[in-house]
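*Asks:*
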Amino acid sequence: MHVNGVVAIPGGEGQVDLGKEDLALKSKGRLLVKGNSVDGVLTFVLPDTSEKSLSNNNSSFIVKFEDGQGRSYQTKKYVIGNKR
492 MHVNGVVAIP GGEGQVDLGK EDLALKSKGR LLVKGNSVDG VLTFVLPDTS EKSLSNNNSS
552 FIVKFEDGQG RSYQTKKYVI GNKR
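To convert, count from 1 in the sequence shown and add 491; that's the working numbering.
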């Protein structure tokens, strides 16, 4: 799914244009050799998930995904909605 729009970076570090930085589009048809990378934003859609459920104190998530060649990856655990 291609996502367009400009969003603020958490921590007040500026904004990113999702349409221009879409990693799926930037890497499409591009051969990546070992050790090279492509900078961009990879957007995930979390079905049946509301902003309210994510903003609860100490909510956390891990994103697991697979590339086009069947290799599996996962992010580290992120804690969001942590009240201090």
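Just so you know, even glycine gets a beta-carbon here, dropped at the ideal spot from N, CA and C.
Helix, strand or coil for G546, going by three-state DSSP, please let me know.
*Replies:* It is Ser, not Gly, that sits at residue 546 in the sequence shown. Three-state result, S546: coil.
*Asks:* Reducing DSSP to helix, strand and coil, say where K555 ends up.
*Replies:* Residue state, collapsed to three classes: strand.
*Asks:* If you reduce the DSSP assignment to three classes, tell me which class S563 lands in.
*Replies:* In the structure shown, S563 sits in a strand (DSSP, three-state: E or B).
*Asks:* What's the gap between the Cα of K567 and the Cα of F556?
*Replies:* Approximately 12 Å, taken between the alpha carbons.
*Asks:* Decide yes or no for the touch test of the region 535–554 against the region 515–527: beta carbon pairs closer than 8 Å, at least 3 of them.
*Replies:* With a cut-off of 8 Å, the region 515–527 and the region 535–554 do not count as touching, because too few Cβ pairs lie within range.
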